[in-house]
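Protein chains in written order, with our numbering: chain A, 5 to 320; chain B, 449 to 912. Glycine residues also receive a C-beta, built at the ideal position from the N, C-alpha and C atoms. This one's a predicted model, so the numbers in the text were calculated from it and none came from an experiment. The structure under discussion appears below in the form of structure tokens.
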Amino acid sequence: MEKLKYGLLKAINISGLTFLDPVVRLASGEEPRVQLGKIGRFIVVPALGIFVAVMLWAYLAPKHKTKSGEVPTPWVTLEAAGDVWRFHVTEGDKDDAFLLVGADRDEAITATEARLEELAVLTEKADAEVAAARSAADERVAAIVGPVQADRDKLKAELETAKKDGQDALKEKGAAIAVDDTAARSAYLKELADFQAQLEADDEALDLLEERLDEAKATATPGVKSALRAQTLIAEEKQYLEKKLALLNKDGRAARLGSTEEQIAKARAEFEAAEGPAVYASARKLLRAEEREAKIAESTYAKPYTLPMQVVRSIL
Amino acid sequence: MLNVTRRRFAAIAAAVALATTALPLPSFAQETPSGEKVFLDLEKDALKFGFIKLTDCAPIVIAKEKGFFADEGLSVEVIAQPNWKTLLDNVISGELDGAHMLSGQPIAATIGFGTEAHIITPFTMDLNGNGITVSNAIWEQMQENDPALDTPQPDHPISADALKPIVQEYIDNGEKLQMGMVFPVSTHNYEIRYWLAASGIHPGMYTSTDIGGRTDAEVELSVTPPPMMPATLEAGNIQGYCVGEPWNQQAVAKGIGVPVTTNYDIWQNNPEKVFGITAEWAEENPQTTLAVVKALIRAGKWLDAEDADGNYLNREEAARILSRPDYVGADFDVIKNSMTGYFIFQDTDVREMPDFNVFFKYDCTYPWYSDGVWFLTQMRRWGQITESKPAQWYDEIAKKVYRPDIYREAANMLVTEGFLSEDEFPGEDTDGYKPPTDAFIDGNTYDGKDPIGYINSFEIGNKD
Numbered sequence: 005m006e007k008l009k010y011g012l013l014k015a016i017n018i019s020g021l022t023f024l025d026p027v028v029r030l031a032s033g034e035e036p037r038v039q040l041g042k043i044g045r046f047i048v049v050p051a052l053g054i055f056v057a058v059m060l061w062a063y064l065a066p067k068h069k070t071k072s073g074e075v076p077t078p079w080v081t082l083e084a085a086g087d088v089w090r091f092h093v094t095e096g097d098k099d100d101a102f103l104l105v106g107a108d109r110d111e112a113i114t115a116t117e118a119r120l121e122e123l124a125v126l127t128e129k130a131d132a133e134v135a136a137a138r139s140a141a142d143e144r145v146a147a148i149v150g151p152v153q154a155d156r157d158k159l160k161a162e163l164e165t166a167k168k169d170g171q172d173a174l175k176e177k178g179a180a181i182a183v184d185d186t187a188a189r190s191a192y193l194k195e196l197a198d199f200q201a202q203l204e205a206d207d208e209a210l211d212l213l214e215e216r217l218d219e220a221k222a223t224a225t226p227g228v229k230s231a232l233r234a235q236t237l238i239a240e241e242k243q244y245l246e247k248k249l250a251l252l253n254k255d256g257r258a259a260r261l262g263s264t265e266e267q268i269a270k271a272r273a274e275f276e277a278a279e280g281p282a283v284y285a286s287a288r289k290l291l292r293a294e295e296r297e298a299k300i301a302e303s304t305y306a307k308p309y310t311l312p313m314q315v316v317r318s319i320l
Numbered sequence: 449m450l451n452v453t454r455r456r457f458a459a460i461a462a463a464v465a466l467a468t469t470a471l472p473l474p475s476f477a478q479e480t481p482s483g484e485k486v487f488l489d490l491e492k493d494a495l496k497f498g499f500i501k502l503t504d505c506a507p508i509v510i511a512k513e514k515g516f517f518a519d520e521g522l523s524v525e526v527i528a529q530p531n532w533k534t535l536l537d538n539v540i541s542g543e544l545d546g547a548h549m550l551s552g553q554p555i556a557a558t559i560g561f562g563t564e565a566h567i568i569t570p571f572t573m574d575l576n577g578n579g580i581t582v583s584n585a586i587w588e589q590m591q592e593n594d595p596a597l598d599t600p601q602p603d604h605p606i607s608a609d610a611l612k613p614i615v616q617e618y619i620d621n622g623e624k625l626q627m628g629m630v631f632p633v634s635t636h637n638y639e640i641r642y643w644l645a646a647s648g649i650h651p652g653m654y655t656s657t658d659i660g661g662r663t664d665a666e667v668e669l670s671v672t673p674p675p676m677m678p679a680t681l682e683a684g685n686i687q688g689y690c691v692g693e694p695w696n697q698q699a700v701a702k703g704i705g706v707p708v709t710t711n712y713d714i715w716q717n718n719p720e721k722v723f724g725i726t727a728e729w730a731e732e733n734p735q736t737t738l739a740v741v742k743a744l745i746r747a748g749k750w751l752d753a754e755d756a757d758g759n760y761l762n763r764e765e766a767a768r769i770l771s772r773p774d775y776v777g778a779d780f781d782v783i784k785n786s787m788t789g790y791f792i793f794q795d796t797d798v799r800e801m802p803d804f805n806v807f808f809k810y811d812c813t814y815p816w817y818s819d820g821v822w823f824l825t826q827m828r829r830w831g832q833i834t835e836s837k838p839a840q841w842y843d844e845i846a847k848k849v850y851r852p853d854i855y856r857e858a859a860n861m862l863v864t865e866g867f868l869s870e871d872e873f874p875g876e877d878t879d880g881y882k883p884p885t886d887a888f889i890d891g892n893t894y895d896g897k898d899p900i901g902y903i904n905s906f907e908i909g910n911k912d
């Protein structure tokens, strides 16, 4: 026990994870109160700090929105990390499926087909949910956007007629001013300036309504987003499984070697039976078939460089 | 040496036989509809292709994901590139064996505009697929200039006429309207210039001293990589851009901008992306090239497969594959729109455009010389080709870059295998030039056999 404890403490010391030191000492019964105090200072408080930081992140992130996107919240980041890992795992699985032979391959085929059948059912459900979420969202949006849209159209039409009438009236008035009536002219200038200012104020009012309309249009439709995400997850799994099935059934190394075997047997039979000028051609054909087999025996699945692979590649 | 390899074969054969005794030997791994498989002696079977995150990289991605490359014995890694310049450099340096390229890239590289290298293309990847989007503020001003646009569903195509007064306003204020495109020799550059010039707006000329193409410009065009276009629009650095999908629909989805026209409206069924390889690589790996083209033709055909009513069968699956993060990575809904034949101009204006992305129909995949000549004429029009050239030069360069001979060989192999029928690609009697067409937004007629006449038929641009 003592050896274990001091062995662990040495390992902790060397690795630098010294905050685990009081945990080991507490487990072995050494000075419990002191150790608890240390655990409080070196584990609990920092964990609390991290927790507070994450909470702050989750609170502040949605506050900054632009049209290009939103600052991701911790949950979205976790989901995205999960997606990256899931992609890495599925590509590795396809890589393995390419090389399977024999009983393993049979098992994999049955398992994949079974899962695909399950997914077919799930896909239908997911599609139905997306359609339902979309129509619900449309109703909501129409109920909110409709009135604002009507208001804005009305105001726009009113402002346009007012602008046109005002301009016409001012043009008439201007045309009626006598040539040397300077007082009237300066009064006219002032009137025109006031009219322009009024137009600008009207435009601002219209802009406010437009903003409200944009906000209404951008009403969050969270139901649709989550339904789409569920649908995407199912569809992506389906696509990966279909590709895996193709690799197992016909594109994998075992299947292609199998069919090449047949071709070699055929070519060999032809060569054995050939006479005269056909001997050279059939011999070439046989050799080419054998070369092809050698190449296929060493072929691999062209796996894309997933993020974990890229990380490993840049470190090593 | 031969004995050793034979022993190894025997060992492998024994192992496989032992391992698969429980299994009936699958004979459909190399099955073809006609039962005859054309085997190619591949020089290289582990390939790397590059692409840019656009939906029209679909033929390459689908050829990989649906096993068409695997059927040819190829193991292909499909790697996303950050921008068109890096993609071109990687192909030229040999890091990539081939790539999804803009139609103008092989031509420009071969004539020496930018990095020089002889790049050829044996396969055109798609037609159409681009749009021109402007910011919300510009759209509102366009609606003020032209009340006909101020309806929930304006008439399309929308020309740049409503933009002209805005351009003038900017110039009067001492600034210039800024618009974005993806590369100096991109189809997007030539299309946005065509659109602007069709309404009398001068988009700038290239000269020997000005490689930015801003001489005499009333609108300044700058380069941004496609995935960054919506962000650049929102930041206000540009007020409009021409880019491929899904980045126009992305702008609509986020409420950043409004697409005003698509390149289907500017030039109906225009060639968009090609599959480009260096001439050197094609010479060193002829059988591999044929295998690649075979797989890509099959992928194009799969993408355009329709049922009896003309509905696309496979586009949703393709959109699902493309939405993966290692491919295009945009939301499935955003990609699905244009891929399944709907284009959303505004929330109220959703148009059916089944030919928005064409991957196989209308002899799309055949490398037509007339496509190459069109790009050369536009390069001359805007001054990227600084000197006047005789008409035969255009024909020669098009024949250097576009390789229908490789396409035809690959297509004939597919016919033997039963994957393609002879009427699905142009016959031997074609001279590589499409018939003259006037399906442009300004109604101008393009005849590939008369490049000089075509260059001189425009008001804005160089004349020969």
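Nonlocal neighbours in the same chain, by C-beta distance under 7 Å from residue i, ignoring five residues either side
{"i": "A/R296", "result": "T264"}
Three-state secondary structure (DSSP) of residue i
{"i": "A/K122", "result": "According to the sequence as given, residue 122 of chain A is Glu; it is not Lys. Of the three classes helix, strand and coil, the one that applies to A/E122 here is helix, per DSSP."}
{"i": "A/R216", "result": "helix"}
{"i": "A/W61", "result": "helix"}
{"i": "A/N17", "result": "helix"}
{"i": "A/L24", "result": "helix"}
{"i": "B/C812", "result": "coil"}
{"i": "B/I654", "result": "Here the sequence assigns Tyr to residue 654 of chain B, which means Ile is not the residue at that position. Coil, per DSSP."}
{"i": "A/Y305", "result": "coil"}
{"i": "B/I559", "result": "helix"}
{"i": "B/H548", "result": "strand"}
{"i": "A/V75", "result": "coil"}
{"i": "B/M629", "result": "strand"}
{"i": "B/G705", "result": "strand"}
{"i": "B/M801", "result": "coil"}
{"i": "B/L644", "result": "helix"}
{"i": "B/I792", "result": "strand"}
{"i": "B/I725", "result": "strand"}
{"i": "A/T310", "result": "coil"}
{"i": "B/S523", "result": "strand"}
Cut-off 6 Å between Cβ atoms - residues of its own chain near residue i, not counting five sequence neighbours on either side
{"i": "A/K242", "result": "L123"}
{"i": "B/S818", "result": "Y881, K882 and G896"}
{"i": "B/T834", "result": "S656"}
{"i": "A/A234", "result": "A130"}
Span of the alpha helix (DSSP H), counted from its first residue to its last, around residue i
{"i": "B/E857", "result": "P852 to E865"}
{"i": "B/V740", "result": "P734 to L751"}
{"i": "B/N578", "result": "No alpha helix (DSSP H) holds B/N578; the beta strand (DSSP E) holding it covers N578 to S583."}
Length of the line joining the Cα atoms of residue i and residue j
{"i": "B/A511", "j": "B/A766", "result": "11 Å"}
{"i": "A/T310", "j": "A/Y244", "result": "15 Å"}
{"i": "B/P899", "j": "B/K847", "result": "14 Å"}
{"i": "B/N785", "j": "A/D211", "result": "31 Å"}
{"i": "B/M629", "j": "B/L611", "result": "17 Å"}
{"i": "A/K7", "j": "A/I47", "result": "25 Å"}
{"i": "B/V849", "j": "B/M787", "result": "29 Å"}
{"i": "B/E870", "j": "B/D489", "result": "24 Å"}
{"i": "A/Q171", "j": "A/I181", "result": "16 Å"}
{"i": "A/A101", "j": "A/S286", "result": "34 Å"}
{"i": "B/F487", "j": "A/P76", "result": "51 Å"}
{"i": "B/Y654", "j": "A/Y63", "result": "52 Å"}
{"i": "B/P602", "j": "B/D797", "result": "8 Å"}
Contacts around residue i, its chain only, beta-carbon distance under 8 Å, and the 5 residues preceding and following it disregarded
{"i": "A/R317", "result": "Y309"}
{"i": "A/K342", "result": "Only positions 5 to 320 of chain A appear in this structure, which leaves residue 342 of chain A out of reach."}
{"i": "A/L261", "result": "E297, I300 and A301"}
{"i": "B/H566", "result": "A557, T558, T726, A727, E728 and K848"}
Terminal residues of the beta strand (DSSP E) in which residue i lies
{"i": "B/E668", "result": "V667 to V671"}
{"i": "B/Y881", "result": "Element bounds for B/Y881: n/a, residue is neither H nor E."}
{"i": "B/D574", "result": "I567 to L575"}
Pick out the complete alpha helix (DSSP H) segments inside the region 254-294 of chain A, 4 residues or longer, and give them in chain order. Taking only runs of at least 4 residues, the alpha helix (DSSP H) segments lying wholly in the region 254-294 of chain A are 257-277.
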